[in-house]
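To start, the structure under review is shown below, and the notes come after it.
Protein chains: 2
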Amino acid sequence: MGRLDQQMAFVGEVGQLKSVLRQTVLADIGRPENSAEHSWHLAVMALALAEHAPPGTDLSKVIGMVLVHDLVEIDAGDLFLYADQSEQERQLIAERAAADRIFAILPAEQATAMRQLWDEFMERTTAEARFARALDRLQPFLENFSVGGGTWKRHGITADQVLAKVKLIEDGSPTLGRYAEDLVGRAVEMGLLA
Amino acid sequence: MGRLDQQMAFVGEVGQLKSVLRQTVLADIGRPENSAEHSWHLAVMALALAEHAPPGTDLSKVIGMVLVHDLVEIDAGDLFLYADQSEQERQLIAERAAADRIFAILPAEQATAMRQLWDEFMERTTAEARFARALDRLQPFLENFSVGGGTWKRHGITADQVLAKVKLIEDGSPTLGRYAEDLVGRAVEMGLLA
Chain A
4 MGRLDQQMAF VGEVGQLKSV LRQTVLADIG RPENSAEHSW HLAVMALALA EHAPPGTDLS
64 KVIGMVLVHD LVEIDAGDLF LYADQSEQER QLIAERAAAD RIFAILPAEQ ATAMRQLWDE
124 FMERTTAEAR FARALDRLQP FLENFSVGGG TWKRHGITAD QVLAKVKLIE DGSPTLGRYA
184 EDLVGRAVEM GLLA
Chain B
4 MGRLDQQMAF VGEVGQLKSV LRQTVLADIG RPENSAEHSW HLAVMALALA EHAPPGTDLS
64 KVIGMVLVHD LVEIDAGDLF LYADQSEQER QLIAERAAAD RIFAILPAEQ ATAMRQLWDE
124 FMERTTAEAR FARALDRLQP FLENFSVGGG TWKRHGITAD QVLAKVKLIE DGSPTLGRYA
184 EDLVGRAVEM GLLA
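Residue numbers (our numbering), protein chains in the order written: chain A, 4 to 197; chain B, 4 to 197.
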């Protein structure tokens, strides 16, 4: 296969992400969100909220990360944020196998570059990865809040459980972390969170 | 409203794009595509097909454009590519009004920058806009082909009509234009196009 055919095979394959459903139910629309439109939302958030990333953060790298961060779910599916430890571990193994398969559809050096981007997102050691992970954590909070509880209510999640997850937002962006903490406080007042 | 509140209002508003349905029916998934996941697919295509843009093209600008190019459809809806001239003109007026409203949700200088990006995409005079428009034109071709005809069959579109639309792909990327032309030839052979 020529380079362009490999790239087009990848373009066709990634379209399957539109069929991977998340726990989040979309406000007003009333159906589960899929991982493709979720990834798009994160990329637009990166554009709109760029100034809340630490100084010197490479925004185009952040956007690349959020665009491809969920491709592994084509094989591994989406796991609920509050799943238990053993499920999380199984998920990680499935996601690594998916990354091995999916990125390798691209020509070799593109496959390597995109896999590195995904590994960096997962490892969360750079400013870019930490900001990207903060956006990924923040977006379902916003959806839950605007839908009047969402997965928090459906699964009986408590404020303490949510606040434990806010730490990852603070770690990527102190400003967005404070915003999320305030949101949790308001959600408790409104009875959206136990 | 503070800057962050304006930005978060924008982040909430853009989520509505997930409810805007396109003509394209997704292969394997069997439901219409929405404009949010379509925009995500274009951004991933920009990453995977970057080398087919003219030398010197600013890829992060292309990605910014494809991420926001359809936001106006939150108010204006999606128009079928083969709609007649008077419909296209009405659509353009509705999209401009939508751009006036939606981008203005952001703090002023961000609103101006994002509106300029959208205007540039629409005017199609820069290399970035021409490549972004080429991707936007190519993606439904690929979907129609893999779904066995799609909107081409449903609306009785002919090869000549499709080839007239291929010119915009060639204009943004000669390589992708040739690829699309070959695809049309194969579609005719396979009876997907009259």
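By construction, the Cβ of each residue, glycine as well, lies at the ideal position given by its N, Cα and C atoms.
Given the structure is predicted, the values throughout are model-derived calculations rather than measurements.
Residue ranges of uninterrupted alpha helix (DSSP H) with 4 or more members, entirely inside the segment 71-153 of chain A and ordered along the chain, are 76-79, 88-106, 111-126, 130-149. With a 10 Å radius around the Cβ and a threshold of 16 neighbouring Cβ atoms, B/Gly-18 comes out buried. Close partners of B/Glu-40 in chain A (Cβ separation under 7 Å): Lys-21, Asn-37, Ala-39, Glu-40, Trp-43. Distance between B/Pro-177 and B/Met-125, taken at the CA atoms: about 20 Å. Going by C-alpha positions, A/Arg-136 is about 45 Å away from B/Ser-89. Nearest C-alpha to B/Thr-128 among B/Trp-43, B/Lys-21, B/Glu-76, B/Asp-174: B/Asp-174. Here B/Asn-37 really is in contact with B/Leu-24; their C-beta atoms are around 6 Å apart, less than 8 Å.
One thing to note: B/Ser-149 has its Cβ no nearer than 7 Å to the Cβ of B/Ala-46. Fewer than three beta-carbon pairs drawn from the segment 52-60 of chain A and the segment 70-83 of chain A are found closer than 8 Å, and the two stretches are therefore not classed as touching.
One thing to note: A/Thr-154 has its Cβ within 7 Å of the Cβ of A/Gln-26. When C-beta distances to chain B are compared with 8 Å, the residues of the segment 168-182 of chain A below that value are Thr-178, Tyr-182, in chain order. For the set A/Ser-42, A/Gly-152, A/Ile-66, A/His-41, the Cα lying nearest the Cα of A/Glu-131 is the one of A/Ile-66. Not flagged as an interface residue toward chain A: B/Phe-124, since no C-beta distance is shorter than 7 Å. Look at A/Thr-178 here: in three-state DSSP terms it is helix.
Scanning chain A for C-beta atoms nearer than 9 Å to the C-beta of B/Ile-105 yields nothing, as the closest lies near 11 Å away. Ranked by Cα distance from B/Lys-21, the options B/Pro-110, B/Leu-74, B/Tyr-85 are led by B/Leu-74. Burial is judged here by how many other beta carbons sit within 10 angstroms of a residue's own beta carbon; B/His-41 has at least 16 and is buried. The residue from A/Gly-80, A/Val-28, A/Gly-180, A/Glu-192 with its alpha-carbon nearest to that of A/Ala-102 is A/Gly-80.
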